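In this note's numbering, the protein residues as written are 554 to 783.
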């Protein structure tokens, strides 16, 4: 990639059919299959972008400035409408925005706090979810992991929550209704920085990526398959 166009952040939309690419040179939106660019917003419109969150496959995108050439402050989220080709909403806070999550009926943002410096937060995305689940780190260590959390994931209908340890060796999947541990998955013995964990659309598999340059896929329904994985 050319100098000055470095990638800052990637984020899939709610059905995992598209993703945003936040860059020093602006924002791009890609379709997953086939892999094609769907939208391109240059630096003169948005500046460098740290967060880009789509609302499913609609024309609405939430952005937060960041990187080395931001046009907007990192404590402001802006809503861009690609149909009218302009920003239609702006919300400013007193501290930097760490994450943005969109539902069709809600806009959720996380700010930096003592207990959640990474701004970890996830929501159940399906409108048919039996409850509106919001997951974020609690104040007390040890309830889901012995140490601090590196990643969080919620399955689409809000029935399961996955938590990853900061050491990157252990991922646990929880039943959000009964608040019970469903399965414990070990990525490996060596510590690693986990970048992302995510459920498949049918919630039968869990995928995780790390700084080791590997992607691990675990079966959640037929867990005996995991013993044959290498």
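For glycine and all other residues, C-beta sits at the position ideal for the given N, C-alpha and C.
Predicted model, so just to flag it, every value in this text is computed and none were measured.
Buried/exposed call for residue 732, threshold 16 Cβ in 10 Å: Looking up residue 732 in the chain shown gives position 179. It is exposed - the Cβ of residue 732 has fewer than 16 other Cβ atoms within 10 Å.
Assigned exposure category for residue 742 - 16 Cβ within 10 Å defines buried: Locating residue 742 in the chain shown gives position 189, where the first residue counts as 1. By the 10 Å Cβ count, residue 742 comes out exposed.
The region 769-777 touching the region 734-749, judged by at least three CB pairs closer than 8 angstroms: yes
DSSP beta-bridge partners of residue 772: For the purposes of this step, residue 772 is identified with residue 219 of the chain shown, where counting begins at 1. Partner(s): 758.
Residue environment, residue 636, which counts as buried when at least 16 other CB atoms sit within 10 Å: The residue labelled residue 636 in the question sits at position 83 within the chain shown. Counting Cβ neighbours within 10 Å, residue 636 comes out exposed, since fewer than 16 surround it.
Simplified DSSP assignment, three categories, for residue 628: Position 75 of the chain shown, counted from the start, is the residue given in the question as residue 628. Coil.
For residue 698, three-class secondary structure by DSSP: What you label residue 698 is simply residue 145 of the chain shown in a count that begins at 1. Interpretation of residue 698 is limited by its pLDDT of 49, a score under 50 that renders its predicted location unreliable; no figure is taken from the coordinates.
Ranges of the beta strand (DSSP E) found wholly within the region 701-744, counting only runs of at least 3: Whole beta strand (DSSP E) segments, 3+ residues: 702-707, 713-718, 723-728 and 733-739.
Exposed unless 16 or more other CB atoms sit within 10 angstroms - verdict on residue 778: What you label residue 778 is simply residue 225 of the chain shown in a count that begins at 1. Looking at its Cβ environment, which holds fewer than 16 other Cβ atoms inside 10 Å, residue 778 is exposed.
Where the alpha helix (DSSP H) containing residue 525 begins and where it ends: No information on residue 525 is available, as it lies outside the stretch 554 to 783 that the chain covers here.
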